[in-house]
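A.B. asks: Below are the C-alpha cells for one structure; questions will follow.
Protein chains: 2
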Amino acid sequence: MTMSGSGTAEVTLGEASEREALKRIFPRLPASSATIVGPGDDAAVLSAPDARYVVTTDMMVHGPDFRWAWSTPYDLGWKAAATNLSDIAAMGAVPTALVVAIAAPSSTPVSDLESLADGLRDGCAALAPGCGVVGGDLSVSDTFTIAVTAFGDLAGREPVLRSGARAGDVVAVSGPLGAAATGLRLLFARAVDSAGEPDRARFEEVLREHPELVGAQLRPAPPIGDGPRAADAGATAMLDLSDGLALDARRVAEASGVGIDLDPSALGDDVEVALTGGEDHSLLATFPAGTALPGGFRAIGAVVSGAGLSVGGRPFDERGGWDPYVGWDGHGG
Amino acid sequence: MTMSGSGTAEVTLGEASEREALKRIFPRLPASSATIVGPGDDAAVLSAPDARYVVTTDMMVHGPDFRWAWSTPYDLGWKAAATNLSDIAAMGAVPTALVVAIAAPSSTPVSDLESLADGLRDGCAALAPGCGVVGGDLSVSDTFTIAVTAFGDLAGREPVLRSGARAGDVVAVSGPLGAAATGLRLLFARAVDSAGEPDRARFEEVLREHPELVGAQLRPAPPIGDGPRAADAGATAMLDLSDGLALDARRVAEASGVGIDLDPSALGDDVEVALTGGEDHSLLATFPAGTALPGGFRAIGAVVSGAGLSVGGRPFDERGGWDPYVGWDGHGG
C-alpha cells in the first residue's frame, strides 16, 4: 500500500491482481450501442449494419506524448479517446466503440486507472455519444503506455479519403488551429522547474491563467459530429489535423494530385502557429465550390491545380508539425 | 548511424523520420482480404459480410512479456499475431485483419521493425491465410511495446462464448498443453547468465537442444482453423488457453455455472505443467456428448453439475497461470 496525499491507503496494480483491477475499472467504462457481445469473453462482437466498419489505432506513451506533471489520468483517458474518435470522424463515420490496452508501472494506484476510465467515459459521452469501450488489456511496464483502437459506422456513406480533392474545391476547417500547440508551448516555457522538467505547481499556475489553451492541449474536444456532416454535405477529401495544418494539408494535396492555397487572413492572429502547430485534431476538408459548409466548418483556402502548399499564393515549404523521433529527447517526466 | 555486428550501417528510428520508417515497413506487411480502404488514410475500412465483426486487443511489453536476449524481432511479430489470432478463433471466427501499434526506443534499428513486420506476415500466412495488417501507429518509448488489435468474421456463425457449457458436455482441447510454459521454464533456468539475466549465447544452446519447447514459447502456432471448425461442430463454449488450463477451465465453469472434471490420464506426462502452464494459446472447447470432435480436438474431461475444477474427481484449487502483476519483478532484459 502507498499513502496518497489525502492520507487514504491506495492499492497499486502490483498489489491487486489483474482481475481485481479490472473489476474496479470495468463498471466505469462507457457502454457501446454497437455491442453484440461485450467485455468478458476472448473477444467482443460488434454490429456493422452496412456490412463495413472503420478502424484506427493510436498509442500514447509517457514522455513523448504526455507527462504526469501536466496531465491527470482523467485527462489522458479523455485525450486517448478524443484523438482516436477524430480519426474515425475524418473518414465520415460515426464512432461506435473503442478497445483500450494499457501498460502501467506496478506502482500505479488502481484509482488512477479508475480516473482514466472516467476520462474515457466522459470523452466518449461529450464527443461521440453511444460510443463505448468493448474490450481491453492490462499489462505492466516501466513506461505508462495506452493504445486505443477505435471503430466507426459509415451508415451507408462512402468513406471520405485524403485523395478526393479537386481543383476549384473550397478548403475548410472545423475546430481550432494552433490552440493545442500554443498550450504546449506555454507548458514547456512556464510549467517547468529550473532544470526544464515538467513541474506540477507551476503547471497549476499556467492552467489558472490559460485554461482554454492548456485544455486544448490536454483535453481536446474535436468536432466529431462534423465528420459525418461533412460527408453528407459532399466533402471530397478530409483528414484530422494531428500533425499541423501545413503538413496535413500537404498530405491531402499529395494524395489528391493537386495544390492547396490557404488564405492567411483566415488563419487567425498567429498564422505561423496555425500552420505548424500539431494536435488540434480539428477536421480539414475540401468541398465542391458553392457547398453550404456544414456544422462548424469555415473556409480557409482553395484547391488549385499544381502541387504542394501555398499561403496567400506563396509556396510554404516549412516542415512544421510533429515527428515523434525528432521531437523527443528521451528524458523528462 | 550505429554499426551492426555484420559491420553494415544501420539506420535507427531516431535517425529516420516516421514516414521513412513506415515506407520501409509497410511493403513487408501482409494484405487483408477484408480491406475496402487500406493503410494511408486516417482509418481503414473493412468489410463485415454478415454485418458483425469480432474484436480483441493484446499488448506485449519488453520485460514481462518478452526479452530481446531470447526473442528476435521476427519472433515477436509472429507471437503478437498468433496470440491475437487465437482470441478471434476462440469465438468461432476467421481472423481477417490486424492493426499494430508499436512504441520503440529511438535507438531501434529500422531493420528490426522490418523483421518484426516479416514475423507478422509469416505468422498470418501460416496460421490465418488472408488475414493482414490494415493500419498501425509508430511511437517512441524507452520500453519496447507492441499492441495488436485483431478482427474476425463469424461468417454467419453464432459466436461461441465461455458461458455455454452444459453438464454432460465433453471437454476437449486442440493444441499443446504446457509446452510454452516448459519452454519458458527452460529459458529461465538455463538461458541466463550467472546473475540470472537473460543471455543470448546460453539461449542459443538451449534452443539447439529443445527447439520445439522453446519454439512453443517464442513462436507459438495455435490451431486457428480449429476455432471455426469447433463452432461448426456445435461447440457450446470455447476460449483460448492463455493463462493455463486450470485457470482458464475454471473461467468456463464459472461463466457457465457448471463444474469441469479433467481426466489426468489425458493431460500428458507432466500433469502439473499441463494444468498450470500458460501461453499455449491452444483452444479449449466443450461439445455435446457424442459430437465427432473436429480438427485437432481431443477429449480431456467432462462438464459436470456443480462448480469449480476437479482433476480425476478431486478438487483442484491451485491458482496456476500467469498474472502480470505477480510474475514480473520489473528487472532483467
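First to last, the sequence lines map onto chains A and B. For what it's worth, our numbering labels the leading residue of the first sequence as 99, then goes sequentially. For what it's worth, our numbering labels the leading residue of the second sequence as 99, then goes sequentially. All C-beta atoms, glycine included, are put in the ideal place defined by N, C-alpha and C.
Do Ala314 of chain B and Pro362 of chain B count as a contact pair if the criterion is CB distance below 8 Å?
C.D. replies: For the purposes of this step, residue 362 of chain B is taken as residue 264 along the second sequence, with counting starting at 1. For the purposes of this step, residue 314 of chain B is taken as residue 216 along the second sequence, with counting starting at 1. Against a cut-off of 8 Å, the Cβ pair of Ala314 of chain B and Pro362 of chain B comes out as no contact.
A.B. asks: Can you find the residues in the same chain that come closer than 7 Å, C-beta to C-beta, to Ser209 of chain B, ignoring five residues on each side of it along the sequence?
C.D. replies: If you number the second sequence from 1, residue 209 of chain B lands on position 111. Excluding sequence neighbours, Ser209 of chain B sits near Glu108.
A.B. asks: Return the bridge partner residues of Arg412 of chain B from the DSSP annotation.
C.D. replies: By one-based count along the second sequence, residue 412 of chain B stands at place 314. B:Val409, per the DSSP bridge assignment.
A.B. asks: Looking at the structure shown, is Phe124 of chain A part of a helix, part of a strand, or coil, going by DSSP?
C.D. replies: Numbered from its first residue, the first sequence carries residue 124 of chain A at position 26. Reduced to three states, the DSSP call for Phe124 of chain A is helix.
A.B. asks: Taking Cβ-Cβ distances below 7 Å as the criterion, which residues of the stretch 118-151 of chain B are in contact with chain A?
C.D. replies: Ile134, Val135, Asp139, Asp140, Ala141, Ala142, Val143, Leu144, Ser145, Ala146, Pro147, Ala149, Arg150 and Tyr151
A.B. asks: Does chain C have any CB closer than 8 Å to the CB of Ala245 of chain B?
C.D. replies: Checking the listed chains, one finds no chain C in this structure; the protein chains it contains are A and B.
A.B. asks: Since Arg396 of chain B is in the beta strand (DSSP E), which residue starts that stretch and which ends it?
C.D. replies: Position 298 of the second sequence holds residue 396 of chain B. First-last of the beta strand (DSSP E) with Arg396 of chain B: Arg396 to Val402.
A.B. asks: Tell me whether Asp148 of chain B is buried or exposed, calling it buried when 16 or more other Cβ atoms sit within 10 Å of its Cβ.
C.D. replies: Within the second sequence, the letter at position 50 stands for residue 148 of chain B. Its Cβ having fewer than 16 others within 10 Å, Asp148 of chain B is exposed.
A.B. asks: With a threshold of 8 Å, are at least 3 pairs of Cβ atoms found where one atom belongs to the stretch 247-254 of chain B and the other to the stretch 345-353 of chain B?
C.D. replies: no
A.B. asks: If you compare alpha carbons, which of B:Thr154, B:Val409 and B:Gly294 is closest to Ala344 of chain B?
C.D. replies: The residue you call residue 344 of chain B lines up with position 246 of the second sequence. Ranking B:Thr154, B:Val409 and B:Gly294 by Cα distance to Ala344 of chain B puts B:Val409 first.
A.B. asks: Pop quiz: Leu360 of chain B and Gly399 of chain B are said to be a contact at Cβ under 8 Å. What is the actual Cβ separation, rounded to whole angstroms?
C.D. replies: Your numbering for residue 360 of chain B matches position 262 in the second sequence. Your numbering for residue 399 of chain B matches position 301 in the second sequence. Contact flag correct, Cβ pair sits at about 4 Å.
A.B. asks: Using CA coordinates, which residue listed in B:Val304, B:Glu118 and B:Pro227 is at the minimum distance from Ile322 of chain B?
C.D. replies: In the second sequence, the residue the question calls residue 322 of chain B occupies position 224. Comparing Cα-Cα distances from Ile322 of chain B to each of B:Val304, B:Glu118 and B:Pro227, the minimum goes to B:Pro227.
A.B. asks: Taking the straight line between their C-alpha atoms, what separation do you get for Leu211 of chain A and Ile123 of chain A?
C.D. replies: Indexing the first sequence from 1 puts residue 211 of chain A at position 113. Indexing the first sequence from 1 puts residue 123 of chain A at position 25. Answer to the nearest angstrom: the Cα atoms are 7 Å apart.
A.B. asks: Flag this pair as touching only if the stretch 256-276 of chain B and the stretch 385-401 of chain B have three or more C-beta atom pairs under 8 Å; answer yes or no.
C.D. replies: Touching, yes.
A.B. asks: Short of 6 Å in beta carbon distance, which residues of its chain neighbour Trp166 of chain B, apart from the five on each side in sequence? Order them along the chain.
C.D. replies: As a working mapping, residue 166 of chain B is identified with position 68 in the second sequence. Cβ within range, chain order: n/a, list empty.
A.B. asks: Do Ala119 of chain B and Leu127 of chain B have their CB atoms nearer than 8 Å?
C.D. replies: Taking the second sequence and counting its residues from 1, the one referred to as residue 119 of chain B is at position 21. Taking the second sequence and counting its residues from 1, the one referred to as residue 127 of chain B is at position 29. Cβ distance not < 8 Å, so Ala119 of chain B and Leu127 of chain B don't count as in contact.
A.B. asks: When DSSP labels each residue in this structure, what does Thr384 of chain A get in the three-state scheme?
C.D. replies: Stepping through the first sequence from its first residue, residue 384 of chain A is reached at position 286. If DSSP states are grouped into helix, strand and coil, Thr384 of chain A belongs with the strands.
A.B. asks: For Phe286 of chain A, which three-state DSSP category applies?
C.D. replies: Locating residue 286 of chain A in the first sequence gives position 188, where the first residue counts as 1. The three-state reading of DSSP puts Phe286 of chain A in helix, counting H, G and I together.
A.B. asks: Assuming contact is defined by CB atoms lying nearer than 8 Å, are Pro162 of chain A and Leu214 of chain A in contact in what I supplied?
C.D. replies: Here the question's residue 162 of chain A lines up with position 64 in the first sequence. Here the question's residue 214 of chain A lines up with position 116 in the first sequence. Contact: no.
A.B. asks: Given a cut-off of 8 Å, decide if Leu236 of chain B and Ala179 of chain B are closer than it, judged by their beta-carbon atoms.
C.D. replies: Reading the second sequence from its first residue, position 81 is the one you call residue 179 of chain B. Reading the second sequence from its first residue, position 138 is the one you call residue 236 of chain B. Taking 8 Å as the Cβ cut-off, Ala179 of chain B and Leu236 of chain B do not qualify as a contacting pair.
A.B. asks: Of the residues A:Leu381, A:Gly404, A:Leu259 and A:Ala142, which one's Cα is nearest the Cα of Leu259 of chain B?
C.D. replies: The residue labelled residue 259 of chain B in the question sits at position 161 within the second sequence. Comparing Cα-Cα distances from Leu259 of chain B to each of A:Leu381, A:Gly404, A:Leu259 and A:Ala142, the minimum goes to A:Ala142.
A.B. asks: How should Ser169 of chain B be labelled, buried or exposed, when 16 other C-beta atoms within 10 angstroms of its C-beta is the threshold for buried?
C.D. replies: Within the second sequence, numbered from 1, the residue matching residue 169 of chain B stands at position 71. Buried, since its Cβ has 16 or more Cβ neighbours within 10 Å.
A.B. asks: Report yes or no: is there a C-beta of chain A within less than 8 Å of the C-beta of Val109 of chain B?
C.D. replies: Taking the second sequence and counting its residues from 1, one reaches residue 109 of chain B at position 11. Taking Cβ atoms only, chain A never reaches closer than 8 Å to Val109 of chain B, which makes this a no.
A.B. asks: Is there at least one Cβ from chain A nearer than 8 Å to Gly105 of chain B's Cβ?
C.D. replies: Start at 1 with the first residue of the second sequence, and residue 105 of chain B comes out as number 7. Here the model assigns Gly105 of chain B a pLDDT of 44, short of 50, so the residue's position is not dependable, and the following value carries that caveat. Answer no: the Cβ-Cβ gap between Gly105 of chain B and chain A never drops below 8 Å.
A.B. asks: Taking Pro320 of chain B as the query, report the chain A residues whose CB atoms sit under 8 Å from its CB, ordered along the chain.
C.D. replies: Indexing the second sequence from 1 puts residue 320 of chain B at position 222. Simply none; closest approach about 12 Å.
A.B. asks: For the alpha helix (DSSP H) containing Pro193 of chain A, name the first residue and the last one.
C.D. replies: Taking the first sequence and counting its residues from 1, the one referred to as residue 193 of chain A is at position 95. Segment Val192 to Ala202 is the beta strand (DSSP E) holding Pro193 of chain A; no alpha helix (DSSP H) there.
A.B. asks: Drop a sphere of 10 angstroms on the beta-carbon of Glu377 of chain B, count the other beta-carbons inside from all chains shown, and report buried for 16 or more, exposed for fewer.
C.D. replies: Locating residue 377 of chain B in the second sequence gives position 279, where the first residue counts as 1. Buried.
A.B. asks: Sort A:Asp156, A:Ala405, A:Ala191 and A:Ala277 by Cα distance to Ala201 of chain B and report the nearest one.
C.D. replies: Translated into the one-based positions of the second sequence, residue 201 of chain B becomes position 103. By alpha-carbon distance to Ala201 of chain B, the top candidate from A:Asp156, A:Ala405, A:Ala191 and A:Ala277 is A:Asp156.
A.B. asks: Please classify Asp324 of chain B: does DSSP put it in a helix, a strand, or coil?
C.D. replies: To locate residue 324 of chain B, count along the second sequence from 1; it is residue 226. Here Asp324 of chain B sits in helix by DSSP.
A.B. asks: Measuring alpha carbon to alpha carbon, tell me which of B:Leu337, B:His379, B:Ala191 and B:Arg349 ends up nearest Ala253 of chain B.
C.D. replies: For the purposes of this step, residue 253 of chain B is identified with residue 155 of the second sequence, where counting begins at 1. Distances from the alpha-carbon of Ala253 of chain B to those of B:Leu337, B:His379, B:Ala191 and B:Arg349 put B:Ala191 closest.
A.B. asks: Taking Cβ-Cβ distances shorter than 7 Å, what residues in chain A pair up with Ala331 of chain B?
C.D. replies: Counting from one through the second sequence, the residue named residue 331 of chain B turns up at place 233. Below the 7 Å Cβ cutoff, chain A contributes no neighbours of Ala331 of chain B, its closest Cβ being approximately 18 Å away.
A.B. asks: How should Pro320 of chain B be labelled, buried or exposed, when 16 other C-beta atoms within 10 angstroms of its C-beta is the threshold for buried?
C.D. replies: The sequence position of residue 320 of chain B within the second sequence is 222, counting from 1. Pro320 of chain B is buried by the Cβ-count criterion.
A.B. asks: According to the neighbour-count rule (16 or more other Cβ atoms, all chains shown, within 10 Å of its Cβ), is Gly375 of chain B buried or exposed?
C.D. replies: Mapped onto the second sequence, residue 375 of chain B falls at position 277. Under this definition Gly375 of chain B is a buried residue.
A.B. asks: Rounded to a whole number of angstroms, what is the C-alpha to C-alpha distance between Gly103 of chain B and His160 of chain B?
C.D. replies: To locate residue 103 of chain B, count along the second sequence from 1; it is residue 5. To locate residue 160 of chain B, count along the second sequence from 1; it is residue 62. A caution first: Gly103 of chain B carries a pLDDT of 43, below 50, which makes its placement in the model too unreliable to give a value.
A.B. asks: Under 7 Å Cβ-Cβ, which residues of chain B neighbour Val232 of chain A?
C.D. replies: Working through the first sequence from its first residue, we reach residue 232 of chain A at position 134. The answer, in chain order, is Val153.
A.B. asks: List, in order along the chain, the chain A residues whose C-beta lies closer than 9 Å to that of Pro296 of chain B?
C.D. replies: Looking up residue 296 of chain B in the second sequence gives position 198. Result: empty, since nearest Cβ-Cβ is about 16 Å, beyond 9 Å.
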